[in-house]
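Residue numbers (my numbering): 17 to 198.
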């Protein structure tokens, strides 16, 4: 029985040692698994989450109208490719906005030139209207003068006719006097 007790104690001791060893191995494996999980998490965060957050920040700046803030994500992975696409989009937006701005400036310049031309045309039209009014007044004066001249010519013609008749009568009187004297 002693031997059974001793074997039992040895078996219990071996069992306890195996259990303790299994627990240490389990704790070690847990620590390694946790370390791997943390390493994977920080790796994912560094390679995906942080660049994604920077890209989202850049997109917000672009949406807010800030087209000059540089997109600061580099790499050849998917995040780098996405960043390069966003940089390309940002450049094209800047070019488009520049084209629109140039077009608006050209329209403003054209509208200013048209307004200046309209003002000049309006001024010349007013001058022409004033000249036409002066011409109309001059024509009225000329018409009145022509009418007056026509009336004067009629009167002169009448006077000339009257003088001619008087001269004819005078000529007849002189003829009569000459015949009487002869």
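Glycine included, C-beta positions come from ideal geometry on N, C-alpha and C.
Member of the options whose CA lies at the smallest distance from the CA of residue i
i, options, result
"residue 86", "94, 60, 92 and 99", "99"
"residue 106", "166, 146, 83 and 35", "83"
"residue 92", "180, 20, 76 and 64", "64"
"residue 101", "120, 22 and 71", "71"
Three-state class that DSSP yields for residue i in the structure shown
i, result
"residue 197", "helix"
"residue 93", "coil"
"residue 87", "coil"
"residue 115", "helix"
"residue 191", "helix"
"residue 46", "helix"
"residue 105", "helix"
"residue 82", "coil"
"residue 17", "coil"
Environment of residue i [buried if 16+ CB atoms lie within 10 Å]
i, result
"residue 37", "exposed"
"residue 74", "buried"
"residue 89", "buried"
"residue 95", "buried"
C-alpha gap between residue i and residue j, whole angstroms
i, j, result
"residue 122", "residue 103", "28 Å"
"residue 53", "residue 97", "27 Å"
"residue 35", "residue 27", "12 Å"
"residue 192", "residue 185", "10 Å"
"residue 115", "residue 108", "10 Å"
"residue 134", "residue 146", "18 Å"
"residue 142", "residue 120", "32 Å"
"residue 50", "residue 66", "22 Å"
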